[in-house]
Ligand SMILES: [Zn+2]
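Numbering (this note's numbering), first residue to last: 75 to 171.
1) Can you list, in chain order, the residues of its chain whose CB lies under 8 Å from that of residue 104, leaving out five sequence neighbours each side?
2) For the alpha helix (DSSP H) that residue 121 lies in, which residues bound it at each end?
3) What residues in its chain sit with their C-beta under 8 Å from that of residue 109, if we drop five residues either side in the sequence?
4) Identify whether residue 163 lies in helix, strand or coil by the three-state DSSP scheme.
5) Relative to ligand 1, what is the chain-ordered list of residues with a Cβ closer than 5 Å to any of its non-hydrogen atoms?
6) Just mark residue 157 as buried or exposed, buried being the case when its beta carbon has 16 or more other beta carbons within 10 Å.
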């Protein structure tokens, strides 16, 4: 009747650290190495996985998480079109005199 306490192998990060790093992890403010350890821990520790998911949900609902502002696509194309148009109008020297 022994309960399964923890994984077979000990990850390099503890449940306590998961709690400490949960916010930073969700904000992607952690290094690659730590992120890997956290992800590994979450994969084998249901408790921490639930904890992080709950925090993510709460943050989502509250709206703390800032939405990334997307750069408008095709800005490069716009610039090329502008240059082509300027050339046609004679605003840009085209090498011909
Ligand atoms: Zn854990």
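C-beta atoms are modelled at their ideal positions from N, C-alpha and C, and glycine is treated no differently.
Reading from the atomic positions:
1) To locate residue 104, count along the chain shown from 1; it is residue 30. Around residue 104: 95, 98 and 112.
2) Translated into positions along the chain shown, residue 121 becomes position 47. Taken as a continuous stretch (DSSP letters only), the alpha helix (DSSP H) holding residue 121 covers 120-136.
3) Here the question's residue 109 lines up with position 35 in the chain shown. Excluding positions up to five away in sequence, the list reads 99 and 102.
4) For the purposes of this step, residue 163 is taken as the residue at position 89 of the chain shown. In the structure shown, residue 163 sits in coil (DSSP, three-state: anything other than H, G, I, E or B).
5) 89, 119 and 122
6) The count along the chain shown starts at 1 and reaches residue 157 at position 83. Counting the other Cβ atoms within 10 Å of the Cβ of residue 157 gives fewer than 16, which makes it exposed.
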